[in-house]
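S.K.: All letters in the sequence shown, in the order written, are residues 54 to 418 by my numbering.
For every residue, glycine included, the Cβ atom is placed at its ideal position computed from N, Cα and C.
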Amino acid sequence: MDATSLSIRDFASQQLNSLLHSVHLGETADKSVELLSETLGPGGFRALNKTVSWPSDVADDNTPFEFSTAFAEGEPTTVRVLVEPTAHEPGALANMDAALDVLDTLVRRYDLPRDRFDAVRDLFLPADPQGAFSLWYSLVFRKDTPPAIKVYFNPEARGQAEAPLLVEEGLNRLGFGPGHATVVDHAVRRGPGMDRYSFFALDLTEDPLARVKVYISHFDATAADAEEAARAAKGVDPGRVQDFCLLSSGSTGPFTERPLISSYTFMAGDAARPSGYSLYVPVRCYVEDDQEARARVLDLMTNYDVDPSAFENALASIARRPLDDGVGLIAHVSLRMGAPRPGVTVYLSSEAYDTAPPRAMTLAH
Ligand code: TRP
54 MDATSLSIRD FASQQLNSLL HSVHLGETAD KSVELLSETL GPGGFRALNK TVSWPSDVAD
114 DNTPFEFSTA FAEGEPTTVR VLVEPTAHEP GALANMDAAL DVLDTLVRRY DLPRDRFDAV
174 RDLFLPADPQ GAFSLWYSLV FRKDTPPAIK VYFNPEARGQ AEAPLLVEEG LNRLGFGPGH
234 ATVVDHAVRR GPGMDRYSFF ALDLTEDPLA RVKVYISHFD ATAADAEEAA RAAKGVDPGR
294 VQDFCLLSSG STGPFTERPL ISSYTFMAGD AARPSGYSLY VPVRCYVEDD QEARARVLDL
354 MTNYDVDPSA FENALASIAR RPLDDGVGLI AHVSLRMGAP RPGVTVYLSS EAYDTAPPRA
414 MTLAH
């Protein structure tokens, strides 16, 4: 691929198209690609060879999109893309407006319900948004179903200090008020700045299983801290958490580079306790290169009885360089536990702008 003459849209489209074909989701690839293009917003028309116009936090190299592939034993692979819509002239406010335009388009096209979005938007979308982003979307592609769409708000949109209040009020308004104390007791317990709310996410669907998800970043935490966080949710096996950390990162912490991240899933019927928990390990910070990250993922898959071939195909469809030439292509790995379906998800960076050189692990090796 010649990146010099391509737009962000073109580049994203080519990668998504290959990825979908690599895991047998190619049949509806044209529509999926169109959806991704639109979700990138007007900023998606910018040329990739120009300097980065907006420092998107979606990926380390500022690419405003990131792929992930979700696997579960005996289930077809799911492909997802996390997207930050950007404006023609990107900026905090301009991007928020662009992302709201995207929402209008998606709601109209797919006849999506927006009542839950509207119930909390005034909390998370102030006139002078702060923090790294205002709105991100996740597009989820599964076999034989229309794409599912999820929206992410930034709990720090009114500053870091306000985040706990925003999340508490957001949960309240969506009917999960009693869940807030459970989250705090298990996952926001290590003092100011150590456990920070990172995302507040909603499924935009009529499905009775529509979720509200709350994400918390645990700075300098250990696998034991994550295990404690997992205990908040129903139907999870917290004993798996430490193992997952060990297999994915090679240690049980403390994780002093990028943080471990927890997410809780609330669905209809959940009162005080969430019905799902996921742990995200930023594997790229704890390996030398992507060859090592791949080996970690393969170990995980063996451990969770997941056939690795879909992952191998997905990785090959995105990688444009030898795996030991850089680090960060495999950005996170996550363990999903509890309802609706347990499994392992691997996050794949586009590297549209840049590749990080392999890490020299002089002390660790
Ligand atoms: N790049 C950010 C991070 O690494 C946000 C992010 C993108 C993220 N994809 C993610 C966080 C997947 C957790 C899981 O934190």
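Per DSSP, M390 is paired with what?
M.R.: The residue given as residue 390 occupies position 337 in the sequence shown. Answer by DSSP bridge pairing, in chain order: Y330.
S.K.: Using DSSP's beta-bridge definition, name the partner residues of A254.
M.R.: Counting from one through the sequence shown, the residue named residue 254 turns up at place 201. The partner list for A254 (beta bridge, DSSP) reads Y205, K266.
S.K.: From the DSSP output, which residues share a beta bridge with S60?
M.R.: Counted from its first residue, the sequence shown places residue 60 at position 7. For S60, which the question treats as bridged, DSSP gives the partners A100.
S.K.: Considering only their Cβ atoms, is the gap separating L219 from F177 smaller than 8 Å?
M.R.: The sequence position of residue 177 within the sequence shown is 124, counting from 1. The sequence position of residue 219 within the sequence shown is 166, counting from 1. Closer than 8 Å, so yes.
S.K.: Across the segment 163 to 170 and the segment 119 to 126, are there enough close Cβ pairs to call them in contact, namely three or more that are closer than 8 Å?
M.R.: no
S.K.: Along the alpha helix (DSSP H) that carries V350, what are the first and last residues, could you check?
M.R.: Residue mapping note: residue 350 aligns to position 297 of the sequence shown, counting from 1. Where V350 is concerned, the enclosing alpha helix (DSSP H) stretches over 343 to 356.
S.K.: Please confirm whether any heavy atom of ligand 1 lies closer than 7 Å to the CB of A151.
M.R.: Counted from its first residue, the sequence shown places residue 151 at position 98. No, Cβ of A151 sits at least 7 Å from all heavy atoms of ligand 1.
S.K.: Taking 7 Å as the cut-off, is the C-beta of V111 nearer than that to any heavy atom in ligand 1?
M.R.: If you number the sequence shown from 1, residue 111 lands on position 58. Yes; taking the cut-off as 7 Å, the Cβ of V111 has a heavy atom of ligand 1 nearer than that.
S.K.: Quick check: the segment 297 to 307 against the segment 248 to 259, are there 3 or more CB pairs under 8 Å?
M.R.: no
S.K.: When DSSP builds the beta bridges, which residues end up paired with I314?
M.R.: What you label residue 314 is simply residue 261 of the sequence shown in a count that begins at 1. I314 pairs with S270, Y333.
S.K.: Starting from the N-terminal side, write out each stretch of the beta strand (DSSP E) that is 3 residues or longer and does not extend beyond the segment 169 to 242.
M.R.: 188 to 194, 201 to 206
S.K.: Can you tell me whether T198 is buried or exposed? The criterion is at least 16 other CB atoms within 10 Å of its CB, across all chains shown.
M.R.: The residue labelled residue 198 in the question sits at position 145 within the sequence shown. Residue environment analysis places T198 among the exposed positions, since fewer than 16 neighbouring C-beta atoms fall within 10 angstroms of its C-beta.
S.K.: How far does the beta strand (DSSP E) with A147 in it reach, from first residue to last?
M.R.: Translated into the one-based positions of the sequence shown, residue 147 becomes position 94. A147 -> not in any beta strand (DSSP E); alpha helix (DSSP H) instead, spanning 145 to 163.
S.K.: Taking the straight line between their C-alpha atoms, what separation do you get for L376 and D113?
M.R.: As a working mapping, residue 376 is identified with position 323 in the sequence shown. As a working mapping, residue 113 is identified with position 60 in the sequence shown. Each residue's alpha carbon lies about 17 Å from the other.
S.K.: My assumption, with CB atoms under 8 Å, is that W189 sits in contact with V111. Please give the rounded CB distance.
M.R.: Against the sequence shown, residue 189 aligns to sequence position 136. Against the sequence shown, residue 111 aligns to sequence position 58. That belief holds up - the Cβ atoms of W189 and V111 are roughly 7 Å apart, short of 8 Å.
S.K.: To the nearest angstrom, how far is it from the Cα of E142 to the Cα of G96?
M.R.: Your numbering for residue 142 matches position 89 in the sequence shown. Your numbering for residue 96 matches position 43 in the sequence shown. Cα to Cα, the separation comes out at about 7 Å.
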